[in-house]
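Everything on this sheet refers to the single structure shown next.
In this note's numbering, the protein residues as written are 219 to 583.
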């Protein structure tokens, strides 16, 4: 009698603080939607089951809620759950969670493959924290406990190798994926979002110090009256940014919008996306803008921004923090003709979700 055999699925556990509306959460969502569920048993373990991207998780993905307010409160539950369920691969993302798991790996099951995905330029993001010296010390001590560390850009990889003595062989560079099919379907909605008599600039992201929207508001103040800036997001600095707009008396040149479920139609219709971040990992908003065919003018800040943008082809790079240079580049870009089709095609060649998923699957297997 011939026995039929089924190939055992590789069990992958993604451990994430939450599914709030950040770039890392979007990447995890894209991975869960596009990894082959006939080969992988996918599980999403959340410190707190909340966030806008929960609705995008496929039904076949098991979601586990550890019901904790902070990562440190969830540590006993994490240890218990990992021992009970023993995945083949445990993948974490965001530095503070990676740090916690790196500390725990010596007491966790040995046969699991531990992978950390970093989401930012670690040396700079740690400096911005209250316990920066302790975090730097711990990062240097425990990150080599992981089997692999995924960085999204060459800059990020060099940062952790040079500053934290991470084993070079453990560091893999995988860019963030872009779901071009999703974007194409969402930009087909025909609704006029901007004043066509204006040159429309768009800023997207969390309203905090890192994203540097204060610099962008200074730039719009120094641009002619036919330029309009729309800022989309939410965050702790929103009131401060609105006050700055009022102080400069440029309320007619700046609009604020809350988080948008379909950001792509704004990107498609804007003339330029502007990125004024003080540091980054590999910014999704820039990847998504060029996937819409919209050029990007960005500070060449620490991180992977400079690895995405090619001057005069899909945007311009600006000296980090230099608002005068930013104004000049916006004015120069406004006089140029941009080839949206070529920008989109280049994006597909570099960041298509099929290409990036293939790179992840090579590591997972």
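The beta carbon of each residue, even a glycine, is placed where N, CA and C say it ideally should be.
Would residue 355 be called buried (16 or more neighbouring beta carbons within 10 Å of its own) or exposed? The residue given as residue 355 occupies position 137 in the chain shown. Taking all protein chains in view, the Cβ of residue 355 is surrounded by fewer than 16 other Cβ atoms within 10 Å, so the residue is classified as exposed.
Can you find the residues in the same chain that come closer than 8 Å, C-beta to C-beta, to residue 416, ignoring five residues on each side of it along the sequence? The residue labelled residue 416 in the question sits at position 198 within the chain shown. Once the five neighbours on either side are set aside, the close Cβ partners of residue 416 are 444, 445 and 446.
Let me check understanding here. Comparing Cα to Cα, which of 428, 423 and 265 lies closest to residue 474? As a first step, residue 474 is located in the chain shown; it is residue number 256 there, counting from the start. Residue 474 has its Cα closest to that of 423, out of 428, 423 and 265.
What separation, rounded to the nearest whole angstrom, lies between the Cα atoms of residue 343 and residue 498? Indexing the chain shown from 1 puts residue 343 at position 125. Indexing the chain shown from 1 puts residue 498 at position 280. Whole-angstrom Cα-Cα distance: 9 Å.
Quick one: what's residue 474 bridged to in DSSP? Reading the chain shown from its first residue, position 256 is the one you call residue 474. For residue 474, the pairing in a beta bridge is given by DSSP as 449.
State the DSSP-derived secondary structure class of residue 529, mapped to helix, strand or coil. Looking up residue 529 in the chain shown gives position 311. Per DSSP, reduced to three states, the secondary structure at residue 529 is strand.
Using the three-state DSSP reduction, which class does residue 374 fall into: helix, strand or coil? The count along the chain shown starts at 1 and reaches residue 374 at position 156. Three-state DSSP puts residue 374 in a helix.
May I have the straight-line CA-CA distance separating residue 270 from residue 504, to the nearest angstrom? Within the chain shown, the letter at position 52 stands for residue 270. Within the chain shown, the letter at position 286 stands for residue 504. Answer to the nearest angstrom: the Cα atoms are 20 Å apart.
For residue 335, name the three-state secondary structure that DSSP assigns. As a working note, residue 335 is residue 117 in the chain shown. Of the three classes helix, strand and coil, the one that applies to residue 335 here is strand, per DSSP.
To the nearest angstrom, report how far apart residue 533 and residue 413 are at their CA atoms. Residue 533 sits at position 315 when you count from the first residue of the chain shown. Residue 413 sits at position 195 when you count from the first residue of the chain shown. When rounded, the distance between both Cα atoms is 22 Å.
Would you mind listing the beta strand (DSSP E) stretches within the region 351-410 that are 3+ residues and don't spill past its ends, in chain order? Those beta strand (DSSP E) runs which fall completely within the region 351-410 and span 3+ residues are 366-369 and 389-391.
Tell me whether residue 343 sits in a helix, a strand or coil according to DSSP, three-state version. To locate residue 343, count along the chain shown from 1; it is residue 125. DSSP places residue 343 in helix when its eight states are reduced to three.
Measuring CB atoms only, is the region 316-324 touching the region 352-369, in the sense that at least three cross pairs come out at less than 8 Å? The region 316-324 vs the region 352-369: in contact.
So what does DSSP say about residue 543, is it helix, strand or coil? As a position in the chain shown, residue 543 is number 325, starting the count at 1. In the structure shown, the three-state DSSP call for residue 543 is helix.
Residue 507: first and last residue of the uninterrupted alpha helix (DSSP H) it sits in: Here the question's residue 507 lines up with position 289 in the chain shown. 502-509 is the span of the alpha helix (DSSP H), which, as asked, contains residue 507.
How would you write the range of the beta strand (DSSP E) that residue 497 sits in, first residue to last? On the chain shown, position 279 is the one that residue 497 refers to. Note, residue 497: premise wrong, no beta strand (DSSP E); not H, not E.
Using the three-state DSSP reduction, which class does residue 516 fall into: helix, strand or coil? On the chain shown, position 298 is the one that residue 516 refers to. In the three-state DSSP reduction, residue 516 falls in the strand class (E or B).
Any Cβ of chain C within less than 8 Å of the Cβ of residue 279? Given the protein chain composition of this structure (a single chain), no chain C is represented.
Given a threshold of 16 other Cβ atoms within 10 Å of its Cβ, counted over all protein chains shown, does residue 357 qualify as buried or as exposed? The residue you call residue 357 lines up with position 139 of the chain shown. Residue 357 comes out buried.
Are the region 572-583 and the region 252-264 touching by the rule of at least three beta carbon pairs closer than 8 Å? At 8 Å Cβ cutoff, the stretches touch.
Whole-angstrom C-beta distance between residue 545 and residue 632, which should lie under 8 Å: Since the displayed the chain opens at 219 and closes at 583, residue 632 lies outside it and no answer follows.
Please confirm if the region 517-529 is in contact with the region 330-344, defined as three or more CB-CB distances below 8 Å between the two stretches. Yes, they touch.
Alpha carbon to alpha carbon, how far is residue 374 from residue 472? Give it in angstroms, no decimals. Within the chain shown, the letter at position 254 stands for residue 472. Within the chain shown, the letter at position 156 stands for residue 374. So the alpha carbons of these two residues sit roughly 33 Å apart.
Count the other CB atoms within 10 Å of the CB of residue 209; is the residue buried (16 or more) or exposed (fewer)? The question about residue 209 has no answer, for the chain in this structure spans 219 to 583.
In three-state DSSP terms, what is residue 237? Mapped onto the chain shown, residue 237 falls at position 19. Here residue 237 sits in coil by DSSP.
Is it buried or exposed for residue 547, if we count other Cβ within 10 angstroms and need 16 for buried? Taking the first residue of the chain shown as position 1, residue 547 is located at position 329. Buried is the call here.
With residue 457 as the anchor, note down where its alpha helix (DSSP H) starts and where it stops. Mapped onto the chain shown, residue 457 falls at position 239. 456-465 is the extent of the alpha helix (DSSP H) around residue 457.
Find the nearest neighbour of residue 409 within the set 432, 480, 435 and 476, judged by alpha-carbon distance. Sequence index remark: in the chain shown, residue 409 carries index 191 (1-based). The shortest C-alpha separation from residue 409 is found at 480.
Presumed contact (8 Å Cβ cut-off) between residue 450 and residue 508, rounded CB distance: Counting from one through the chain shown, the residue named residue 450 turns up at place 232. Counting from one through the chain shown, the residue named residue 508 turns up at place 290. Actually they do not touch by this definition, with Cβ atoms about 17 Å apart.
Could you tell me how far apart the beta carbons of residue 330 and residue 305 are, in whole angstroms, since I believe they sit closer than 8 Å? Sequence index remark: in the chain shown, residue 330 carries index 112 (1-based). Sequence index remark: in the chain shown, residue 305 carries index 87 (1-based). Between residue 305 and residue 330 the Cβ distance is about 6 Å, and since that is below 8 Å, they are a contact.
What are the residues that DSSP puts in a beta bridge with residue 554? If you number the chain shown from 1, residue 554 lands on position 336. BP columns for residue 554 are empty, so no partner.
Same chain, Cβ closer than 8 Å to residue 570, neighbours up to 5 away in sequence not counted: For the purposes of this step, residue 570 is taken as the residue at position 352 of the chain shown. Answer for residue 570: 395, 396 and 398, listed in chain order.
Excluding sequence positions up to five away, which residues of its chain have a Cβ less than 7 Å from the Cβ of residue 220? Numbered from 1 along the chain shown, position 2 holds the residue referred to as residue 220. With a pLDDT of only 44 at residue 220, under the threshold of 50, the placement of this residue in the model should not be trusted, and no figure is reported.
In whole angstroms, what separates the C-alpha of residue 512 from that of residue 442? For the purposes of this step, residue 512 is identified with residue 294 of the chain shown, where counting begins at 1. For the purposes of this step, residue 442 is identified with residue 224 of the chain shown, where counting begins at 1. Answer to the nearest angstrom: the Cα atoms are 21 Å apart.
Whole-angstrom Cβ separation of residue 484 and residue 551, contact assumed at under 8 Å? Here residue 484 corresponds to residue number 266 of the chain shown, with the count starting at 1. Here residue 551 corresponds to residue number 333 of the chain shown, with the count starting at 1. In this structure residue 484 is not in contact with residue 551, their Cβ atoms being roughly 18 Å apart against a cut-off of 8 Å.
Report buried or exposed for residue 335, applying the criterion of at least 16 other Cβ atoms within 10 angstroms of its Cβ. For the purposes of this step, residue 335 is identified with residue 117 of the chain shown, where counting begins at 1. Burial call: buried.
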